[in-house]
């Protein structure tokens with residue numbers, strides 16, 4: 145049910161189903177009752193002073209979204225997992241009635257002197273501030289109302305809220321989230337400009353210092369982000385961040401002199417970054433641009449670089465160091481990216497998709513290396529240990545000259561393996577799982593001092609011809625066995641697919 149008030153003070157009552165109640169102007173009282181409701185104190189999009197009512201919003205049962213808008217508002221979630229927004233945001237229902245209301249926040253109107261009470265359930269408060277006021281908030285004491293202060297003056301309160309989304313302005317903010325840890329419970333604290341102190345409290349949190357000399361405090365599981373985000377208040381250049389410098393001030397180069405405490409992960413900026421992990425299991429990701437260098441150090445790290453449409457060509461390097469690392473480079477448009485991926489000692493999983501050129505050194509250990517055969521020129525050194533090379537083809541890959549060269553493939557029953565299952569299921573037209581692909585789709589043969597694996601994408605068809613998939617440098621053809629290949633089910637007949645190639 146949709147109910148919209150007048151420009152006077154309104155009382156609007158919902159039903160036990162999902163409702164949308166919009167107070168419009170005036171000092172309104174909105175009651176959602178049952179259902180997943182959307183309660184908006186002031187009219188969406190009206191940012192004028194005359195629309196700044198001091199509203200009271202009560203969600204009741206259900207997973208509700210309460211948006212106060214301008215003015216000094218009281219937001220009470222009630223039972224359910226609620227979202228409380230002090231400032232202006234846009235609220236809407238999706239097409240799926242079961243999904244409840246949703247929001248898009250980050251508008252031009254900041255929170256007023258608002259009071260937030262999440263009630264029962266796992267609740268989220270979204271506090272958006274602008275201007276140069278310094279915000280102070282400490283939610284570390286459970287089940288006790290925390291006072292929000294702006295420049296030392298009381299500006300609201302918050303209680304019974306488990307997750308916090310905070311965006312500061314230009315002031316020197318000090319914000320501590322609740323000491324609550326639960327699956328999928330993530331605080332996002334964005335200090336904006338200024339010298340901020342952000343403490344994520346419990347759980348896995350995202351801390352964004354922004355411009356200024358910031359202190360980011362995690363509980364050992366938190367992420368420090370230097371991304372150019374939609375919520376970010378500055379356009380950051382490339383940064384240098386070293387997680388080994390725990391509790392030490394470090395000049396990031398592009399985002400002030402920051403102190404990181406108990407931080408496990410890093411998100412890079414849109415510039416050319418140097419991101420270095422420590423002895424923990426670090427998560428380090430760059431999803432934007434720049435000629436980045438990522439070093440995982442010791443520990444079982446997750447290291448990833450992503451490049452998407454419109455990203456300029458970059459030269460990047462990821463070094464996992466010691467530990468069982470997951471290392472990934474992904475580009476969805478095959479731009480002219482140069483990539484170097486180093487596994488180091490440990491049982492690593494390395495993946496590259498969409499690079500123009502890649503050099504991969506898996507290092508010692510039982511490694512898995514996955515490459516996109518429809519992208520660029522890849523040189524792979526598997527290193528010591530019984531390793532697996534996985535051939536695959538990205539669904540949106542742009543076919544062009546490509547080749548995978550393996551410098552040290554170990555043949556024989558106890559040697560390395562080539563996993564062809566993914567390639568056969570996505571790139572081999574008409575291939576039926578269980579059939580032996582060698583002969584029509586695949587052939588193995590000699591070419592000079594090397595052994596090559598060639599493929600015809602349509603087998604006996606006329607649309608394609610045999611092209612090189614993999615070059616095994618300085619290998620001996622007679623030492624390959626069926627154990628060196630992983631197929632959907634059938635084992636190749638070794639005497640039927642070997643050849644000599646010019």
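In this note's numbering, the protein residues as written are 145 to 646. Glycine included, every Cβ here is placed at the ideal spot set by N, Cα and C.
Helix, strand or coil for residue 517, going by three-state DSSP, please let me know.
Note: residue 517 maps to coil in three-state DSSP.
Close beta carbons around residue 562, own chain, < 6 Å, minus the five adjacent residues each side:
Leaving aside the five residues that flank residue 562 on each side, the residues in its chain whose CB is nearer than 6 Å to its CB run, in chain order, 533 and 629.
In the structure shown, what three-state DSSP assignment does residue 501 receive?
If DSSP states are grouped into helix, strand and coil, residue 501 belongs with the strands.
Which of the three DSSP states is assigned to residue 622 in this structure?
DSSP places residue 622 in helix when its eight states are reduced to three.
Can you tell which of 537, 300 and 345 has the C-alpha that lies nearest to the C-alpha of residue 272?
Nearest of 537, 300 and 345 to residue 272, Cα basis: 300.
Would you please state the rounded distance, in angstroms, between the beta carbons of residue 270 and residue 227? I believe it to be under 8 Å.
With a Cβ gap of about 7 Å, residue 270 and residue 227 count as contacting.
Compare the C-beta of residue 420 with all C-beta atoms of chain D and state if any pair is closer than 8 Å.
You won't find chain D in this structure, because it holds only one protein chain.
Would residue 340 and residue 353 qualify as a contact pair, given that the criterion is a beta-carbon distance under 8 Å?
Yes. Within cutoff.
In the structure shown, what three-state DSSP assignment does residue 565 receive?
DSSP places residue 565 in helix when its eight states are reduced to three.
Take residue 564 as the anchor and find which of 578, 509 and 551 has the nearest alpha-carbon.
Nearest C-alpha to residue 564: 578.
Can you tell me whether DSSP reads residue 628 as helix, strand or coil?
In this structure, residue 628 counts as helix in the three-state DSSP scheme.
Between residue 415 and residue 382, how many whole angstroms is the CB-CB distance? I'm expecting something under 8 Å.
3 Å between Cβ atoms; contact.
Nearest neighbour of residue 411, chosen from 439, 391, 275 and 200 [CA to CA]
It is 439.
With a cut-off of 8 Å, do at least 3 Cβ pairs link the stretch 497-505 to the stretch 553-560?
Touching, no.
Please go through the same chain and pick out, in chain order, the residues whose beta-carbon is closer than 6 Å to the beta-carbon of residue 461, but skip the five residues on each side of it.
Excluding residues within five positions, the ones whose Cβ falls inside 6 Å are 437 and 484.
When you compare the CB positions of residue 307 and residue 331, do they come within less than 8 Å of one another, or not?
Cβ atoms of residue 307 and residue 331: closer than 8 Å.
With respect to the beta strand (DSSP E) encompassing residue 480, which residues constitute its N-terminal and C-terminal limits?
Per DSSP, residue 480 belongs to no beta strand (DSSP E) and is neither H nor E.
Proximity below 8 Å, CB of residue 586 to CB of residue 599:
One thing to note: residue 586 has its Cβ within 8 Å of the Cβ of residue 599.
Tell me whether the beta-carbon of residue 593 lies closer than 8 Å to the beta-carbon of residue 618.
The answer is yes: Cβ separation under 8 Å.
For residue 591 and residue 569, I'd like the C-alpha separation in whole angstroms.
Straight through space, the alpha carbons of residue 569 and residue 591 are spaced by roughly 27 Å.
Could you tell me if residue 543 is buried or exposed, where buried requires 16 or more neighbouring beta carbons within 10 angstroms of its beta carbon?
In this prediction, residue 543 scores a pLDDT of 44, lower than 50, which makes its location untrustworthy; the coordinate-derived value is nonetheless stated afterwards. That one is exposed.
Looking only at its chain, what residues have a beta carbon closer than 7 Å to the beta carbon of residue 442, apart from the 5 residues adjacent to it on each side?
Here the set comprises 423, 465, 466 and 467.
Taking the alpha-carbon positions, what's the residue 517 to residue 480 distance?
Between the alpha carbons of residue 517 and residue 480 lies a distance of about 15 Å.
Can you tell me where the beta strand (DSSP E) holding residue 260 begins and where it ends?
Counting along the chain, the beta strand (DSSP E) containing residue 260 begins and ends at 258-261.
Skipping 5 residues on each side, what residues in its chain have a beta carbon closer than 6 Å to that of residue 500?
Hits under 6 Å: 480, 481 and 520.
Inter-residue spacing [alpha-carbon to alpha-carbon] between residue 402 and residue 631:
CA-CA distance, residue 402 to residue 631, rounds to 51 Å.
For residue 470 and residue 493, believed in contact at Cβ under 8 Å, the rounded distance:
Under the criterion of beta carbons closer than 8 Å, residue 493 and residue 470 qualify as touching, at roughly 5 Å.
Measure how close the beta-carbons of residue 595 and residue 621 come, nearest whole angstrom, since I'm counting them as under 8 Å.
In this structure, residue 595 and residue 621 form a Cβ contact; the two beta carbons are roughly 5 Å apart against a cut-off of 8 Å.
According to DSSP, what are the bridge partners of residue 473?
Paired residue(s): 449 and 496.
Applying the 10 Å Cβ sphere with the 16-neighbour rule, what's the burial state of residue 495?
Buried, by the Cβ-count rule.
Cβ neighbours of residue 385 in the same chain (closer than 6 Å, five flanking residues each side left out):
Cβ-Cβ distances below 6 Å link residue 385 to 396, 410 and 419 in the same chain, with the five nearest sequence neighbours on each side left out; the list follows chain order.
Neighbour-count burial assignment, residue 472, 16 or more Cβ in a 10 Å radius:
Residue 472 comes out buried.
When burial is assigned at 16 or more other CB atoms within 10 Å of the CB, is residue 291 buried or exposed?
The residue is exposed, with fewer than 16 neighbouring Cβ atoms inside 10 Å.
Do residue 224 and residue 265 have their CB atoms nearer than 8 Å?
In this structure, residue 224 lies near residue 265, with their beta-carbon atoms less than 8 Å apart.
Looking only at DSSP bridge pairs, what is residue 611 linked to?
According to DSSP, residue 611 bridges with 599.
Hey, how far is the Cα of residue 276 from the Cα of residue 430?
If you draw a straight line from the Cα of residue 276 to the Cα of residue 430, it is about 30 Å long.
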